[in-house]
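Asker: Going by my numbering, the letters in the sequence shown line up with residues 1476 to 1816, in that order. Built from N, CA and C at the ideal position, the CB exists for glycine as well. If you're wondering where the values come from, they're calculated on a predicted model, not measured in any experiment. Below is one structure. I have some questions about it.
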Amino acid sequence: MQVFFSDIQLRHAPREFLSRGQWKPCPEQPARATALKAALLSGGHQVSVPPAGDRSAIAAVHDARYLTFLETAHTRWRELPGASETIIPNVHPNGRIGGYPQSIVGQAGFHMADTACPIDGDSLASILASADCAIAAAQSVLDDGGAAYALCRPPGHHAFTDMAGGFCYLNNSAIAAQMLRGKHAKVAVVDVDLHHGNGTQGIFYERGDVLTVSVHADPAHFYPFFWGYAAETGAGAGQGANLNLPLPLGSGDDAFLAALDQGLAKVRSFGAEALVVALGLDAFSGDPFAGLNVTETGFRRIAEKLATLKLPTVLVQEGGYLCPELGQNLVAFLEGFSGSA
């Protein structure tokens, strides 16, 4: 299996994020990627540096105005008198149906859903390098079939067409899915992260050619709160092409695997010809976010079930935060997917 990662992805290093009204150390830190890379190497995987990706693959998913914001925001923010080093928005629109502000303060609120997607001077390079991993993995699968893994960091599944959120800036899973659509008539995205893949859902919600399935902690009590409910089934041409499978907080392997079985049945009935797995490892029982109780064995079984689809597959890293078992959970998943013990 081809594996992609670039050390450029380590440059994005936000120190803090706002949680429950308190400034806390940001859990989406470079060390999580370092731990995952070390586990890959110890597991015998070769890690390739992706080439600088074709920016058209990003533009096929993300709004041009949003991409301009990402490219210019930090420079413009730092020109403000008294501005912080890191962009963290302090105002958000309600509904986003009004005008588009010219002020960088207003644009930050418009394009950043929450305070968990800070942007500093080194962020853009890491964000683009993360997308490059997804692009390289998707291209590998397009060229050769089989499977490829993209160690994307920062992650992407909370990013909408024109909005960052939840540590995510460019939607790597959606970029990969859109690339696979260049060859395959129908593509499925199966998200097994602790958190609902709201950005991915939003990008494809009115399309019938990309199925989005997400197994996640119930958003009635957990981030992202406003998306991820079972009643969200798609709209327009996408009606029926979105399946959310929310789980009660604290659910373990059996509940997760049972929900996944429902999701995979939907993938089969949809007739998907290729697959993107939005791979979160934060459903783990020892993850700092402590939402679900999936075990290492559970991750192996999740992967084994996904592999039964026998589809060309891009595995895209999403969440999974620092704990002693983070790397071994990834290795267990990849072994399960590849069928090795």
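With DSSP as the reference, identify every bridge partner of P1568, one or two as the case may be.
Answerer: Answer is none; P1568 lacks a bridge partner.
Asker: Look up N1717 in the DSSP assignment and give the residues it is bridged to.
Answerer: According to DSSP, N1717 bridges with T1687.
Asker: Alpha carbon to alpha carbon, how far is A1733 from I1777?
Answerer: So the alpha carbons of these two residues sit roughly 10 angstroms apart.
Asker: What are the start and end residues of the alpha helix (DSSP H) that includes Y1541?
Answerer: It spans A1539 to R1553 - the alpha helix (DSSP H) in which Y1541 sits, taken as one unbroken run.
Asker: Can you grab the Cα-Cα spacing for the pair V1536 / N1646, in whole Å?
Answerer: In a straight line, the C-alpha of V1536 is about 8 angstroms away from that of N1646.
Asker: For the beta strand (DSSP E) that D1666 lies in, which residues bound it at each end?
Answerer: It spans V1662 to D1666 - the beta strand (DSSP E) in which D1666 sits, taken as one unbroken run.
Asker: Could you pull out every unbroken beta strand (DSSP E) segment of at least 3 residues lying fully inside the region 1697 to 1767, listed in chain order?
Answerer: You should have 1717 to 1722 and 1749 to 1754.
Asker: For L1790, which beta-bridge partners are listed by DSSP?
Answerer: Its beta-bridge partners are Y1624 and V1752.
Asker: With distances taken between CB atoms, is the gap from L1735 to V1791 smaller than 8 angstroms?
Answerer: Contact: no.
Asker: Taking only three categories from DSSP, how would you classify H1487?
Answerer: Three-state result, H1487: coil.
Asker: How many whole angstroms separate the CB atoms of Q1484 and R1628, which I take to be in contact at a CB cut-off of 8 angstroms?
Answerer: Contact holds; Cβ gap of about 5 angstroms.
Asker: What do you get for S1559, buried or exposed, if any count of 16 or more other CB atoms within 10 angstroms of its CB means buried?
Answerer: Classification for S1559: exposed.
Asker: Run the CB neighbour count on N1804, radius 10 Å, all protein chains shown included, and call it buried at 16 or more, exposed below.
Answerer: Flag for N1804 reads buried.
Asker: So is the beta-carbon of A1695 under 7 angstroms away from any non-hydrogen atom of the ligand MN?
Answerer: Among the components modelled here there is no ligand, and therefore nothing to report on the ligand MN.
Asker: Verify whether the separation of the beta carbon atoms of A1622 and M1476 is less than 8 angstroms.
Answerer: Closer than 8 angstroms, so yes.
Asker: Relative to the C-alpha of G1711, which residue among I1563, L1739, R1682 and R1540 is closest?
Answerer: Looking at the Cα atoms, R1682 is the closest of the given residues.
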